[in-house]
Amino acid sequence: MNIAVLGTGMVGHTIGSALIRLGHSVKMGSRTKGNEKAVAWVTANGANASEGSFSDAAAFGKVIFVCTKGDGTLDALRAAGAVNLAGKVLVDISNPLDFSKGMPPSLFICNTDSLGEQIQHTFPDAKVVKTLNIVNCEVMVNAGKSSPNDRGTMFVSGNDADAKQMVVGNFLTPWGWNDVIDLGDITTARGTEMLLPIWVRTWAATGNGHFSFKIVR
Ligand SMILES: NC(=O)c1ccc[n+]([C@@H]2O[C@H](COP(=O)([O-])OP(=O)(O)OC[C@H]3O[C@@H](n4cnc5c(N)ncnc54)[C@H](OP(=O)(O)O)[C@@H]3O)[C@@H](O)[C@H]2O)c1
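Numbering-wise (my numbering), the sequence shown opens with residue 1373 and increments by one.
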């Protein structure tokens, strides 16, 4: 499948490479075609990897992974172009983290709204699925990374049931997520985005980013 990865940071690189390993063709998008980090990623990932602007990538992808800085995500998607997002599944991994006052970051959207909802409201013709945002990127693509025999729980949020099922079947399952809870519509992204404050503090307290949350029931 042709897939767009919007974002040239560690999440874009890790997700992009994991998608290539699953046999997909991936175009990484950034604000500028020829972005140094995107070119380095293409060089490292071979013939099924390519790069371009946010718009080039979104036009290419049948599925679009949103791996952009939280406060730049809506601008990145506007640059990608509503026409290139319409009818497509947007896997939103971004978090509304505000680092303006240093560490730990706060959330610039919370409680009564979420970044996932803002994406869905801004691009009503896209099918936004919020997931994977609650773990480090290496754990996203390898659920057993934190503890091989005791994997965590992954959540999905979104208005389109088929889109959520497609994301689980094509990506979460191959990446080892064997306990997935469908929380419901995109408003449930408020819950997973608001896990970030406890994620950040657990990481600070333990010095280990390779962990996941588990719902015991
Ligand atoms: N790091 C993790 O393990 C992890 C885990 C869970 C969730 N997340 C979330 O995943 C997202 C990506 O994180 P990251 O650490 O890989 O990278 P990041 O540094 O947060 O984001 C890098 C990307 O954001 C784009 N960007 C930054 N400001 C922008 C703006 N004003 N307008 C448009 N685009 C802008 C950059 O574009 P250019 O390419 O043009 O520079 C780049 O592609 C974040 O939302 C983060 O909270 C990260």
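Glycine included, every Cβ here is placed at the ideal spot set by N, Cα and C.
At a cut-off of 8 Å, is residue i close to ligand 1 when judged by its beta-carbon and the heavy atoms of the ligand?
i       : result
Ser1466 : yes
Ile1491 : no
Ser1337 : Look at the range of the chain in this structure, 1373 to 1589, and you will see that residue 1337 is not part of it.
Ala1451 : yes
Met1475 : no
Gly1581 : yes
Ile1506 : yes
Gly1381 : yes
Lys1441 : yes
Met1512 : yes
Thr1531 : The question names Thr, but residue 1531 in the sequence shown is Asn. Asn1531 Cβ: outside cutoff for every heavy atom of ligand 1.
Thr1445 : yes
Gly1395 : no
Leu1378 : yes
Run the CB neighbour count on residue i, radius 10 Å, all protein chains shown included, and call it buried at 16 or more, exposed below.
i       : result
Phe1471 : exposed
Ala1390 : buried
Val1528 : buried
Arg1523 : buried
Arg1589 : exposed
Arg1562 : buried
Gly1530 : buried
Ser1519 : exposed
Val1455 : exposed
Ala1421 : buried
Met1526 : buried
Thr1503 : buried
Glu1408 : exposed
Pro1496 : exposed
Lys1536 : buried
Met1400 : buried
Since residue i contacts residue j with CB under 8 Å, what's their CB separation in whole angstroms?
i       : j       : result
Gly1548 : Gly1579 : Between Gly1579 and Gly1548 the Cβ distance is about 24 Å, and since that is not below 8 Å, they are no contact.
Ser1466 : Gly1442 : 5 Å
Ala1376 : Ala1429 : 4 Å
Ser1584 : Val1463 : No, Ser1584 and Val1463 are not in contact; Cβ-Cβ is about 18 Å, not under 8 Å.
Asn1374 : Gly1418 : The pair is not a contact, with the Cβ atoms about 15 Å apart (cut-off 8 Å).
Val1500 : Ile1570 : Between Ile1570 and Val1500 the Cβ distance is about 23 Å, and since that is not below 8 Å, they are no contact.
Phe1426 : Arg1403 : 7 Å
Met1512 : Ile1387 : 7 Å
Leu1378 : Ala1452 : 6 Å
Phe1410 : Thr1380 : It is worth fixing the name first, because residue 1410 is Ala in this sequence and not Phe. About 5 Å; that satisfies the 8 Å criterion.
Leu1487 : Thr1445 : 6 Å
Ala1498 : Lys1460 : 6 Å
Could you confirm whether any beta carbon from chain D is found closer than 9 Å to the beta carbon of residue i?
i       : result
Asn1550 : No chain D is present in this structure, which holds just one protein chain.
Any chance the CB of residue i is under 8 Å from a heavy atom of ligand 2?
i       : result
Cys1482 : Among the ligands in the structure shown, ligand 2 does not appear; only ligand 1 can be found there.
Counting only runs that start and end within the region 1453 to 1537, where is the alpha helix (DSSP H) found for 4 or more residues in a row? Under the rule that a run must span 4 or more residues, the alpha helix (DSSP H) segments found entirely inside the region 1453 to 1537 read 1454 to 1457, 1487 to 1494, 1509 to 1512.
List, from N- to C-terminal side, the alpha helix (DSSP H) runs of 4 residues or more that fit wholly inside the region 1398 to 1451. Whole alpha helix (DSSP H) segments, 4+ residues: 1408 to 1417, 1426 to 1432.
Within the region 1534 to 1573, note down every full alpha helix (DSSP H) run reaching 4 residues or more, in order along the chain. Entirely contained in the region 1534 to 1573, the alpha helix (DSSP H) runs reaching 4 residues are, in chain order, 1561 to 1565.
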